[in-house]
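Visitor: Heads up: the sequence shown begins at 3 in the working numbering, then just goes up one per residue.
All residues carry an ideal CB built from backbone N, CA and C; glycine is no exception.
Since the model is a prediction, treat every value here as computed from it, not as a measurement.
Before I ask anything, here is the structure I am working with.
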Amino acid sequence: MKEKILELLKQSNEYHSGEELSQRFGVTRAAVWKSIKQLEALGYVIESKTRKGYRLVGTPDILFESELTDLLHSKFLSYSIHHLTNTSSTNDFAKQLAEQNQPEGHVVISEYQTKGRGKKHSQWEAAPGKGIYLSVVLRPEIGVMQLPKLTICVQTAVCLALEQVTQEKIQCQWPYSLYCHGKKLCGILLESFGSIEQLDYTIAGIGIQVNADEDELPDGMTSLLLVAQREQDRKQLAAAVLNQLDIIYHQFCQGQFGSVFQQYWHHYSFQSMPEGDWEYAGIAEDYTLQAVERNTGKTICL
3 MKEKILELLK QSNEYHSGEE LSQRFGVTRA AVWKSIKQLE ALGYVIESKT RKGYRLVGTP
63 DILFESELTD LLHSKFLSYS IHHLTNTSST NDFAKQLAEQ NQPEGHVVIS EYQTKGRGKK
123 HSQWEAAPGK GIYLSVVLRP EIGVMQLPKL TICVQTAVCL ALEQVTQEKI QCQWPYSLYC
183 HGKKLCGILL ESFGSIEQLD YTIAGIGIQV NADEDELPDG MTSLLLVAQR EQDRKQLAAA
243 VLNQLDIIYH QFCQGQFGSV FQQYWHHYSF QSMPEGDWEY AGIAEDYTLQ AVERNTGKTI
303 CL
């Protein structure tokens with residue numbers, strides 16, 4: 003009920019009386035009042051005036067589905083969002099839902115996670131309400147050998163979304179990280195389940211440090227607040243990530259990985275490479291990314 007009332011209050015800046023709301027939704031005025039109190043407890047600021055009713059005057063910085071729906075413009079993935087106040091890991095939660103046959107495009111997003119995993123199973127620090135921690139259920143018709151390409155697609159989508167919102171130069175680093183100004187900004191973790199020939203599903207986990215201050219971050223990490231020198235709208239950012247993922251994932255599924263990779267390579271960070279003129283050489287059997295120096299033909303793993 004509170005979701006329906008919230009949707010109506012968002013549609014205009016006018017007051018809506020308790021009687022109007024009770025008649026519209028077929029409930030008692032006491033039920034309307036209870037729903038209003040539930041919305042206020044979630045952080046919505048609702049003005050109440052005698053003989054006028056209720057009016058929405060402020061929304062919280064919370065990633066509810068109702069806050070993101072109007073910002074999503076996906077055409078390929080039919081997104082549905084499962085919001086959590088906190089969880090151990092959005093990837094673990096999304097895996098449970100995928101095992102229950104939740105369709106492709108189901109998103110788990112949490113305000114806080116206690117056991118988010120990073121590269122080599124390291125813990126991903128997650129300040130409550132300061133970042134974006136989400137996982138998306140994907141069901142591409144691919145085998146294990148195509149996973150590195152899918153990882154690149156997710157990285158590219160998030161990279162483009164962050165640049166779009168912040169106007170800052172974002173760099174990709176194989177296989178799981180995004181950097182800005184030489185510091186890690188975002189971690190990506192893909193976990194897949196199924197056979198070698200055909201995966202059942204893949205969970206694409208994305209963790210972005212958004213509005214964390216320097217003293218809230220581990221060494222070597224930064225946030226969008228620090229690099230852009232202004233607080234970021236997490237709702238706009240989360241929607242931008244999902245919208246870009248919809249575009250890039252569609253290209254991947256249509257066999258257009260080449261065009262995606264051009265964007266990825268353009269944003270690739272060469273900070274760990276020796277001097278020289280390097281170009282992409284392929285993905286090795288152990289899933290490492292390889293580059294070759296044009297002048298010497300020397301090949302290295304990134």
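#1: Name, in chain order, the residues that DSSP records as bridge partners for GLU49.
#2: Does the separation of the CB atoms of ALA206 and LEU140 fall below 9 Å?
#3: So for LYS122, helix, strand or coil by DSSP?
#4: Going by C-alpha distance, which of SER90, GLY107, PHE95 is nearest LYS77?
#5: On a CA-only basis, which of GLY278, LEU226, TYR282 is nearest TYR266? Give me that one, please.
#6: What are the boundary residues of the alpha helix (DSSP H) that THR301 is part of?
#7: Three Cβ pairs or more, each shorter than 8 Å: is that satisfied between the segment 96-106 and the segment 55-75?
#8: Going by C-alpha to C-alpha distance, which of GLY131, CYS255, TYR56, GLU5 sits closest to ALA19?
#9: Examine chain C for any beta-carbon lying closer than 9 Å to the beta-carbon of GLN40, and answer yes or no.
#10: Span of the alpha helix (DSSP H) holding ALA159?
#11: Straight-line CA distance for ASP63 to ILE172?
#12: Hey, out of ILE154, LYS12, VAL160, whose CA is closest to THR61's CA?
#13: Note down the Cα distance separating ILE144 from ASP235, rounded to an integer number of angstroms.
#14: Three Cβ pairs or more, each shorter than 8 Å: is that satisfied between the segment 153-162 and the segment 248-268?
#15: Tell me whether the segment 178-197 and the segment 209-229 touch, counting them as touching only if at least three CB pairs, one residue from each stretch, are closer than 8 Å.
#16: So for TYR181, helix, strand or coil by DSSP?
#17: Please classify LEU73: does DSSP put it in a helix, a strand, or coil?
#18: Looking only at C-alpha atoms, which of THR92, ASN103, VAL146 sits nearest to VAL138?
#19: Could you tell me the alpha carbon to alpha carbon distance between GLU21 and ARG31, rounded to whole angstroms?
#20: According to the neighbour-count rule (16 or more other Cβ atoms, all chains shown, within 10 Å of its Cβ), is PHE254 buried or exposed?
Guide: The answer reads as follows:
#1: Beta-bridge pairing links GLU49 to ARG57.
#2: Contact check for ALA206 against LEU140 passes: the beta carbons are separated by less than 9 Å.
#3: Low local confidence applies: a pLDDT of 48 at LYS122 is under 50, so the model's placement there is unreliable, with the coordinate-based value given in what follows. The answer is helix: DSSP assigns LYS122 an H, G or I state.
#4: Taking LYS77 as reference, the option from SER90, GLY107, PHE95 with the minimal CA-CA separation is GLY107.
#5: Here the closest residue by C-alpha is TYR282.
#6: Element bounds for THR301: not the alpha helix (DSSP H) but the beta strand (DSSP E), 301-303.
#7: Not touching, per the Cβ criterion.
#8: Checking the displayed sequence, the identity of residue 19 turns out to be Ser instead of Ala. Check the Cα spacing between SER19 and each of GLY131, CYS255, TYR56, GLU5: the tightest is with TYR56.
#9: This model lacks chain C altogether, as it is built from one protein chain only.
#10: Taken as a continuous stretch (DSSP letters only), the alpha helix (DSSP H) holding ALA159 covers 149-168.
#11: Computed Cα separation, rounded: 24 Å.
#12: It is LYS12.
#13: The straight-line gap separating the alpha-carbon atoms of ILE144 and ASP235 is approximately 35 Å.
#14: Segments in contact, yes.
#15: Yes, since at least three Cβ pairs between the segment 178-197 and the segment 209-229 fall closer than 8 Å, the two stretches touch.
#16: DSSP, reduced to helix, strand and coil, places TYR181 within a strand of the structure shown.
#17: Assigned with DSSP and collapsed to three states, LEU73 falls in helix.
#18: Selected option, being the one with the closest Cα: THR92.
#19: Using only the alpha carbons, I get a separation of about 6 Å.
#20: So PHE254 ends up on the buried side.
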